[in-house]
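Protein chains in written order, with my numbering: chain A, 13 to 407; chain B, 1079 to 1448.
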């Protein structure tokens, strides 16, 4: 269907395994500390806990003392990492070498934002980490201590727990994928008490070399464990997709899920892909004179206010769903608990397959709509002509 | 004595019948009110023009999915409605609409405004709850007894302005122990009196300020003091603010649902407030680290200076916050002291200009240049 020419990039075969002495966090931080000390990069983007509160945030860290509050895998995803990275790099000219430690879905969002010219990846090293998922933001805010504790247990066992965010329960892309996404990946799966550094680009190789690490250790154990979990989570994802496709097979089924929407646009403002300065649905384009509203109301007997509540979701979907990385930030931000992340992820899954496109997988893959050709999807757009063409081809 | 009629029906049913008959008799061309969207508890505002569609109307349902003042502003932003419309809205929603009309963001003309004595609204996270019906029924019991329902928004629990101002018709619900049998409509304007002729009620002489209402106000005042005391420690200054707003995602949901924040594009969403990557080196050198995205606290402070003097304490902002920041309580606390300083009551008098519009150089010399 698609014209994407994919150069399959094989997994790296070797990595660098480091023993965990105190804690995983400590081992990971020691690598970063060394890199900062030796000026391999100037600052690190990493999640951190705001002092004296239970809140997590992102910090661009330069001063080593800030490692005290940093956390590579906090129990929640606050601002989506792609959004955080874009917020300070979209105008370019950073003038500093920056490394960003991101969850895989956040790094995939960064790659999409790169294609949309919303981040500057010059001088930026993307580092991902095997991700056990995150807890729903609302649950955490209601009882931070309890939720942080249960997250600790879940993540230690790599459990596909129902307490995780739905997006994370159904995520099969929680580790390094076979593509040109991050520069470096930190493998936590596989061997106990070991952290595995996997270079995934020349820049990643370079980084490891500068740190004095040789990629000589086997990745077999990490791969085996990872593939096992990918398989398990793919199965989980498939059953989720099936369940939700069934639920929403009629338009009514789909729209009923959105009935509670109060039009706050939190989903859009949390979405890393929705980067527009001003959404069409927030603009003056949607204002009409009262008589138009009354006319619209008479057509159906009643007119919902605010207007365009459903149209907003459909419009947003058509704009961004091909790049949807299924991070679930939208669902976390919804004040009325609409399963908006699941709806978008489900539609995204199908649409992306149609275009043979995996958002965030490869930096080189063009966005499907940029290379869309007239005659694509003729079976949808002009079924009659399409049939003729197909018959001709057979002849 | 205030003009009033008594209707011998359950308050929800009575108001429903009254509005439906206005629509059927074509005394009005539409009703702007809450409507059930499905059987799962979803409620939304709707402009209902057909009596058939009116069957799902729930005018007094205790949810505020959007501040109705904001919704009516979007309806009348480009001009007044030429056709008569009845609108049922809560006192704070009506005050918000008045504030918006003052700012040329809407038009009150041709509306028949109906507003209840308000027991508050339930938190939006209860919408679609499996116990929704039970919670709503408990809510009505507390309204009957003029008690503060613990399921209502924090801002509702300490709201003192629960009697409508500027309504043509006031629906007396609070503290009416017989509201499942009868209730009173107060007719506050000639328009209200005119339309009320179509309600099946009999004239009575009653006052809106009852003993129950006064006691209710006292309870709320006590809670107000309590909540204000707990939210933001005096004397801690910036640190307290930093801690309160620490979990902020910068989603700007609070400003998006705020009826007073009417800007098409908030300054904090505009290019002007984007971080300049060129400042990164210097910022990191000075601070050692930078919380990103930057400017979350500045956004709240900026928004506050823009709208707090008109804050009607509706609580929408807190209800949509995905990280439970008590935005409304903070804004209400600041708003109420600010409004005292300016001797301004937002939404009270349509003729009274907003304080920023009449501010004079020599004001507040004690705070500014001494």
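The C-beta atom is built at its ideal place from N, Cα and C for all residues, glycine as well.
Proximity of residue i and residue j at Cβ, strictly below 7 Å
i: residue 1085/B; j: residue 1279/B; result: yes
i: residue 132/A; j: residue 99/A; result: no
i: residue 118/A; j: residue 94/A; result: yes
i: residue 1177/B; j: residue 1338/B; result: yes
i: residue 1173/B; j: residue 1236/B; result: no
i: residue 1186/B; j: residue 1230/B; result: no
i: residue 338/A; j: residue 92/A; result: no
i: residue 1400/B; j: residue 345/A; result: yes
i: residue 1166/B; j: residue 1248/B; result: no
i: residue 332/A; j: residue 286/A; result: yes
i: residue 1162/B; j: residue 1107/B; result: yes
i: residue 1124/B; j: residue 1114/B; result: no
i: residue 148/A; j: residue 354/A; result: no
i: residue 1121/B; j: residue 1143/B; result: yes
i: residue 1222/B; j: residue 1259/B; result: no
i: residue 110/A; j: residue 55/A; result: yes
i: residue 262/A; j: residue 1116/B; result: no
i: residue 1257/B; j: residue 1274/B; result: no
i: residue 1432/B; j: residue 1409/B; result: no
i: residue 105/A; j: residue 1355/B; result: yes
i: residue 209/A; j: residue 327/A; result: no
Helix, strand or coil at residue i according to DSSP, with G and I counted as helix
i: residue 372/A; result: coil
i: residue 1284/B; result: strand
i: residue 75/A; result: coil
i: residue 1367/B; result: strand
i: residue 1384/B; result: helix
i: residue 1215/B; result: helix
i: residue 1230/B; result: strand
i: residue 1334/B; result: helix
i: residue 1081/B; result: strand
i: residue 360/A; result: helix
i: residue 136/A; result: strand
i: residue 113/A; result: strand
i: residue 35/A; result: coil
i: residue 55/A; result: strand
i: residue 1276/B; result: coil
i: residue 1224/B; result: coil
i: residue 1320/B; result: helix
i: residue 1207/B; result: coil
i: residue 216/A; result: helix
Chain-ordered chain B contacts of residue i [CB-CB under 9 Å]
i: residue 170/A; result: Within 9 Å Cβ-Cβ: nothing; residue 170/A doesn't reach chain B, min ~27 Å.
i: residue 381/A; result: Those within 9 Å of residue 381/A in chain B number zero; the least Cβ separation is about 25 Å.
i: residue 71/A; result: 1367, 1368, 1369 and 1370
i: residue 303/A; result: 1157, 1159, 1160 and 1161
i: residue 62/A; result: 1320, 1321, 1324, 1325 and 1369
Any non-hydrogen atom of the ligand NAD within 6 Å of residue i CB
i: residue 271/A; result: Questions concerning the ligand NAD fall outside what the structure shown contains, since it holds no ligand whatsoever.
One or two residues paired with residue i in a DSSP bridge
i: residue 1123/B; result: 317/A and 1112/B
i: residue 68/A; result: 61/A
i: residue 1200/B; result: 1230/B
i: residue 1264/B; result: 1082/B and 1248/B
i: residue 1135/B; result: 1113/B
i: residue 1190/B; result: 1164/B
i: residue 209/A; result: 28/A and 198/A
i: residue 82/A; result: 60/A
Amino acids of chain A, ordered along the chain, whose beta-carbon sits closer than 7 Å to that of residue i
i: residue 1161/B; result: 306
i: residue 1353/B; result: 99 and 100
i: residue 1131/B; result: 313 and 314
i: residue 1328/B; result: 91
Neighbour list for residue i in chain A, Cβ cutoff strictly below 9 Å
i: residue 1139/B; result: Per Cβ cutoff of 9 Å: no residues; residue 1139/B is ~13 Å from chain A at best.
i: residue 1126/B; result: 309, 313, 314 and 315
Partner residues on chain B for residue i, Cβ-Cβ distance less than 7 Å
i: residue 276/A; result: 1331, 1334, 1335 and 1398
i: residue 153/A; result: 1325, 1401 and 1402
Under 8 Å from the C-beta of residue i: neighbouring residues of chain B
i: residue 300/A; result: 1156
i: residue 135/A; result: The contacting residues do not exist; residue 135/A stays about 10 Å from chain B at best.
i: residue 65/A; result: 1321, 1324 and 1325
- Item | Validate contact between the segment 361-372 of chain A and the segment 1156-1164 of chain B using beta carbons, cut 8 Å, 3 pairs | As far as the Cβ criterion goes, the segment 361-372 of chain A does not touch the segment 1156-1164 of chain B, which means the pair count is below three.
At least three beta-carbon pairs within less than 8 Å, the segment 306-319 of chain A to the segment 1355-1375 of chain B = No contact exists between the segment 306-319 of chain A and the segment 1355-1375 of chain B.
At least three beta-carbon pairs within less than 8 Å, the segment 1333-1349 of chain B to the segment 278-296 of chain A: These segments touch.
query: Touch check for the segment 366-377 of chain A and the segment 268-275 of chain A: three-plus C-beta pairs under 8 Å?
result: Judged by Cβ distances under 8 Å, the segment 366-377 of chain A makes no contact with the segment 268-275 of chain A, as fewer than three pairs qualify.
Counting beta carbon pairs with one atom in the segment 250-258 of chain A and one in the segment 223-230 of chain A, are three or more of them shorter than 8 Å? No, the segment 223-230 of chain A does not touch the segment 250-258 of chain A.
Could you tell me whether the segment 155-175 of chain A touches the segment 76-84 of chain A, where touching means 3 or more Cβ pairs closer than 8 Å?
No, the segment 155-175 of chain A does not touch the segment 76-84 of chain A.
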